[in-house]
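Engineer: Numbering (the working numbering), first residue to last: 2 to 466.
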Amino acid sequence: MSTIKKDLALFNELAEVLINDEQHNPVAKRIESSQLFDSIDLSLSEEAMIDEDFKSVLSEILLATPKTATNLFFNQLFGGRQSKAVLGDLLAVLLNNSMYTYKVAGPQVGIEQEIIKKSCQLIGYGPKSNGTFPTGGSMSNYMALVMGRDAKDQDCRSKGMTKPLIIYTSVESHYSNAKNASFAGIGRDNIRFIDADDEGKMIPEQLEAQIVEDILNGGIPTYVNATAGTTVLGAFDPIDKIADITEKYNLWLHVDGAYCGSVLFSKKYKHHLKGVERSNSFSYNAHKMLGTPLTCSIILVRDKQHLHNSFNNDASYLYQTDGDDFNLGKTSFQCGRRNDALKFWTLWKSVGSKGLEQIIDQQFDLANVALDYIRNNPDYTLYSFDNSIGVCFNYKNVDPKALCTALYEQKETVVGFGSFKKDTFVRFVTINATNSPKDILNFFKVLEAFVEKNPNLLKVTELSL
Ligand SMILES: *Cc1c(COP(=O)(O)O)cnc(C)c1O
């Protein structure tokens, strides 16, 4: 048997081990980080490792790795396993193309372009639109910022920044906005963080007031990042109202939909993106709500000329055949680029847009199961709002940080905490569409039984002291 066939057989064997184990042990045994290198043999040495040992160390590593596809993983903004997407990703690894040219990617170029074209249509961008697949949502935001910067300061590409550019985002937006401002040469001091209202949405009146003040002070307002699904609360900034302002003052409007932009597939929830067709760019992560393997991020640009302006560069050693429309490297950040499109395409192709819609709606349905449970149970305090798949709560007077850490350390369930304004709470994310309502209710049972067994978690409140 050829080596690759043998290794694929081994892959199947290991996959079987992992998937069976997930049934019985939905949370992996935790290895203390300080013990890691003593617990598993991760060492690299001069000598080759023989087949049986190799297999057993791989199997050991698989079983010890945090399990993100099971019904007790709720920690971050991804989870579960859409198997048709996994299939596509495995094929992409086997094919190993780089997406920069038609010469080496062939039909994969068309696959990427089809996803981009369909997505642009769904959000109402016109025929001049296009996009690309960056390495993630942070990079999508970065590419948007660079385009916004170059649109405002056209000499920037050749001379470096020549104007005092200022950018805007809400206090609740993703931290990549701050990092990107420094990468883009704008500087962290030149971001204005706009307040959010009680539900976590950017307050447009404050945005406008800040823009007016910056103009008076000689600054050049350049770019607004609006968020479709803030990282903690899952709030949607009011895109339409923000677009009124960006159009009035001629700023680039980017909509960061990394978390919840995928509602574009749902008739029921799409209205949260109202006005998105007025934005200059929009991004969403198929590796979050749509359950494709990490990473799969898409940025769409209303006028593709901007992608070209900011990211093209001639390279005679690379672009040797076919036109720019087929040589995707002309509009990407990096040179060699992984095929992140195929896994999303295999999912979309197999379930149809209707299937994607069901995935999205299912997550909100699961969130509603959690919300109902919390609202009907006086032991819980709710901090999040309707229409969000991030359900934020506290249980009795248990400290959420201690609770989440203990649940993880005792391998009960994996869930994280978050903060909004002055409150800190458990953030339970119902993003795994392969879960059922039963799994959601089971999470609460696990949590309650755990607190029952560990009464020390019930902290003594200051009042009762
Ligand atoms: C997750 C997230 C990002 C970052 O995406 P990555 O793919 O993790 O880089 C950006 N914005 C928001 C709102 C997010 O939730």
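Built from N, CA and C at the ideal position, the CB exists for glycine as well.
Mind reading off the beta-carbon distance from residue 89 to residue 344? Whole number of angstroms is fine, and I expect it under 8 Å.
Structural biologist: 4 Å
Engineer: Starting from the C-beta of residue 303, find all residues in its chain whose C-beta is less than 6 Å away, skip the five residues before and the five after it, and write them out in chain order.
Structural biologist: 126, 130, 281
Engineer: Under the criterion of a Cβ to heavy atom distance below 7 Å, does residue 223 qualify as lining ligand 1?
Structural biologist: The answer is no for residue 223.
Engineer: Would you mind stating whether residue 154 and residue 166 have Cβ atoms separated by less than 8 Å?
Structural biologist: yes
Engineer: Assuming contact is defined by CB atoms lying nearer than 8 Å, are residue 234 and residue 243 in contact in what I supplied?
Structural biologist: no
Engineer: Are three or more beta carbon pairs between the segment 170 to 187 and the segment 287 to 304 nearer than 8 Å?
Structural biologist: no
Engineer: Taking 7 Å as the cut-off, does the CB of residue 1 come closer than this to any heavy atom belonging to ligand 1?
Structural biologist: Beyond the ends of the chain as shown, which are 2 and 466, falls residue 1; an answer cannot be given.
Engineer: In angstroms with no decimal places, state the Cα-to-Cα distance between residue 288 and residue 217.
Structural biologist: 42 Å
Engineer: Count the other CB atoms within 10 Å of the CB of residue 184; is the residue buried (16 or more) or exposed (fewer)?
Structural biologist: exposed
Engineer: From residue 312 to residue 334, what distance separates their C-alpha atoms?
Structural biologist: 6 Å
Engineer: Looking at the unbroken beta strand (DSSP E) that takes in residue 133, where does it start and where does it end?
Structural biologist: 131 to 133
Engineer: Specify whether the segment 257 to 273 and the segment 308 to 323 touch according to this definition: at least 3 beta carbon pairs, one from each stretch, less than 8 Å apart.
Structural biologist: no
Engineer: Would you call the segment 82 to 96 in contact with the segment 314 to 321, where contact means no fewer than 3 C-beta pairs closer than 8 Å?
Structural biologist: They do not touch, by the three-pair rule.
Engineer: Can you tell me whether residue 74 is buried or exposed, with buried defined as 16 or more other CB within 10 angstroms of its CB?
Structural biologist: Buried, since its Cβ has 16 or more Cβ neighbours within 10 Å.
Engineer: Which of helix, strand or coil does DSSP assign to residue 446?
Structural biologist: helix
Engineer: Between which two residues does the beta strand (DSSP E) harbouring residue 227 extend?
Structural biologist: 221 to 228
Engineer: Would you call the CB atoms of residue 171 and residue 203 closer than 8 Å?
Structural biologist: yes
Engineer: Go through the segment 396 to 429 residue by residue and report every complete run of the alpha helix (DSSP H) that reaches 4 residues or more, in order.
Structural biologist: 401 to 410
Engineer: At the level of alpha carbons, what is the spacing between residue 366 and residue 390?
Structural biologist: 9 Å
Engineer: Of all the options 240, 108, 38, 92, which has the alpha carbon lying nearest to the alpha carbon of residue 226?
Structural biologist: 240
Engineer: Classify residue 448 as buried or exposed, calling it buried when 16 or more other Cβ atoms lie within 10 Å of its own Cβ.
Structural biologist: buried
Engineer: So, under 8 Å CB-CB, residue 134 and residue 113 are touching, yes? Tell me the CB distance rounded to an integer number of Å.
Structural biologist: 6 Å
Engineer: Out of 438, 143, 323, which has the shortest C-alpha to C-alpha gap to residue 102?
Structural biologist: 323
Engineer: I want to check one thing, is the minimum distance from the CB of residue 273 to the heavy atoms of ligand 1 below 7 Å?
Structural biologist: no
Engineer: Quick one: what does DSSP say residue 184 is sitting in, helix, strand or coil?
Structural biologist: helix
Engineer: Could you check how far apart the C-beta atoms of residue 260 and residue 230 are, in whole angstroms? I think they sit under 8 Å.
Structural biologist: 4 Å
Engineer: What does a CB cutoff of less than 8 Å around residue 452 pick up in its chain, not counting 5 residues either side in sequence?
Structural biologist: 396, 397, 399, 404, 458, 459
Engineer: Under the criterion of a Cβ to heavy atom distance below 7 Å, does residue 78 qualify as lining ligand 1?
Structural biologist: yes
Engineer: Taking residue 71 as the reference, which of 25, 111, 57, 106 has the closest Cα?
Structural biologist: Comparing Cα positions, the closest option is 25.
Engineer: For the candidate residues 63, 45, 28, whose alpha-carbon lies nearest to that of residue 17?
Structural biologist: Nearest C-alpha to residue 17: 63.
Engineer: I'd like the span of the alpha helix (DSSP H) that includes residue 286, first residue to last.
Structural biologist: Boundaries around residue 286 are those of the beta strand (DSSP E), 282 to 286, since no alpha helix (DSSP H) includes it.
Engineer: Got a sec? Which residues, its chain only, sit under 8 Å from residue 466 by beta carbon, not counting five neighbours each side?
Structural biologist: Unreliable positioning characterises residue 466 in this predicted model, as indicated by a pLDDT of 45, which lies under 50. The coordinate reading is nonetheless provided below. Hits under 8 Å: none found.
Engineer: Are the CB atoms of residue 205 and residue 252 within a distance shorter than 8 Å?
Structural biologist: Not in contact: residue 252 and residue 205 (Cβ atoms no closer than 8 Å).
Engineer: Does residue 196 come out as helix, strand or coil in the three-state DSSP assignment?
Structural biologist: coil
Engineer: Confirm, please, whether the CB-CB distance from residue 432 to residue 283 is below 8 Å.
Structural biologist: no
Engineer: Drop a sphere of 10 angstroms on the beta-carbon of residue 213, count the other beta-carbons inside from all chains shown, and report buried for 16 or more, exposed for fewer.
Structural biologist: By the beta-carbon neighbour count (other beta carbons within 10 angstroms, threshold 16), residue 213 is exposed.
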